[in-house]
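Contents: one structure, followed by commentary.
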Amino acid sequence: MATRTQKAVQVVQLTADPEENLRLVHDAPVAIPEEGKVLVNMLVRPVNPVDIYGLMSHDPDAKLDRPKVPGYEGVGKVAVLGPGTSGFAVGDRVVSMSPWLSTYAGQGTWQQFVVFPEADLLKVPDGVSDSDAAQFLINPATALGLFKTLAVPKGEWLLQTAAGSVLGRLMIAIAKRAGVKTINVVRRSEQAAELLKLGADVVIGTDEEDMAERVKDVTGGKGVYGATDAVAGKTTGEIVSLLRPHGTVLLYGALAGWDITVPVGPLLMERRRVEGFGLFDWLPSLGPEGARAALDELWSLFLDGTIKPYSGESYPLEKAAEAVKASLQDARGPKILLVG
């Protein structure tokens, strides 16, 4: 590979407006892969909420110690093999099992080339498109991790908030395949028809229905086996009250803010639980072989059609700010992609 410079999107400041915090650099250096590492030419990257959170701050005193390249996932092809690597060939399409490590170091996927440890790479199956493979990790792996952690038995009820989101749609598909019934909570009842078509068993639009009453009716007063919550705030406490004894709410987002309000009684008297869930903690907790096994299972869900990423418009790296704006304008819509 002759080129030694590349295009890279950088975060250069932290304000409350993520679009204003980005700049495109045309002559960023391309790293040379060291022992056991691989240089990957990135092809497609999704714009995820976790990416946008890293582009902004509401703290007026927030500072960056240096410009950083954002981006937590994406698909690319092997460009250069470092010394001591043998598991891949130049041109292989790959994704990283732990791309956040590069992102934390300021070298995320929103650039043309990224160096990854060979041990962290997975080969993309031939039957998976670039746009689908780019979305392999953050939402699908989180949905699978949430589902596996809750371990809801076949025929039981799982409740999820933010069900109209990309992750919510994936959860519907994964649960349906396993024979688990879903109660899907959304803010707007107009989303119900689409989610029912995807396989949702019950959809509750909180603009028209009382969540507690509907859940009690659907479950015959028994409550749900487990729940996933991306909202937080008072919603988490409301869901705790809808669990059966020993049930668990897995909290994986904070759409309503960074605090929750939970009734103490059900926690003390019936051992109902609220637990946090984060992909960047769950995958490493499985160990290298366990993580690979979980992600191999995830590929199988892509290949059999269970998981169908919800892809939207594509933007070149030069228009990263426009891509961020589009993503913010329709956070529940199809996933915005960055290409090139």
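According to UniProt numbering, the stretch in the sequence shown is residues 1 to 340, in order.
Note that CB positions come from ideal geometry on N, CA and C, so glycine has one too.
One question on the structure: do residue i and residue j come within less than 8 Å of each other, judged by their Cβ atoms?
| i | j | result |
| --- | --- | --- |
| Val44 | Ser102 | no |
| Val215 | Trp110 | no |
| Ser241 | Ala212 | yes |
| Ile138 | Val324 | no |
| Ala89 | Val78 | yes |
| Glu313 | Ala321 | no |
| Leu144 | Leu251 | no |
| Gln112 | Met42 | yes |
| Asp82 | Lys37 | Per the sequence presented here, residue 82 reads as Gly, with Asp not at that position. Cβ atoms of Gly82 and Lys37: closer than 8 Å. |
| Pro70 | Gly91 | no |
| Phe302 | Thr149 | no |
| Leu243 | Val249 | yes |
| Ser311 | Pro284 | no |
| Val115 | Pro245 | no |
Buried or exposed for residue i, please, with buried defined as at least 16 other CB atoms from any protein chain shown within 10 angstroms of its CB.
| i | result |
| --- | --- |
| Trp258 | exposed |
| Met97 | buried |
| Thr235 | buried |
| Ile183 | buried |
| Tyr104 | exposed |
| Ala175 | buried |
| Glu73 | buried |
| Leu146 | buried |
| residue 356 | Residue numbering for the chain in the displayed model covers 1 to 340; residue 356 lies beyond these limits and cannot be assessed. |
| Pro266 | buried |
| Ala291 | buried |
| Lys68 | buried |
| Val202 | buried |
| Glu118 | buried |
From the DSSP output, read off the bridge partner residues of residue i.
| i | result |
| --- | --- |
| Phe116 | Val38 |
| Ile204 | Val185 |
| Lys68 | Val11 |
| Trp100 | Per DSSP, none; premise fails for Trp100. |
| Arg292 | Beta-bridge pairing links Arg292 to no other residue. |
| Lys335 | Ser311 |
| Leu24 | Val9 |
So residue i packs on residue j, CB below 8 Å; how close in whole Å?
| i | j | result |
| --- | --- | --- |
| Val50 | Arg93 | Not confirmed; about 23 Å, so no contact. |
| Pro309 | Gln191 | At roughly 18 Å, the Cβ-Cβ gap does not stay under 8 Å, so Pro309 and Gln191 are not in contact. |
| Gly253 | Ala232 | 7 Å |
| Gly205 | Val186 | 6 Å |
| Lys181 | Gly155 | 7 Å |
| Arg4 | Val30 | 5 Å |
| Leu317 | Gly340 | 5 Å |
| Thr261 | Gly237 | 5 Å |
| Leu122 | Val80 | Contact doesn't hold; Cβ gap of about 18 Å is too wide. |
Notebook entry, point to check: Which whole runs of the alpha helix (DSSP H) in the region 201-259 are 4 residues long or more, in chain order?
Noted result: 211-218 and 234-240
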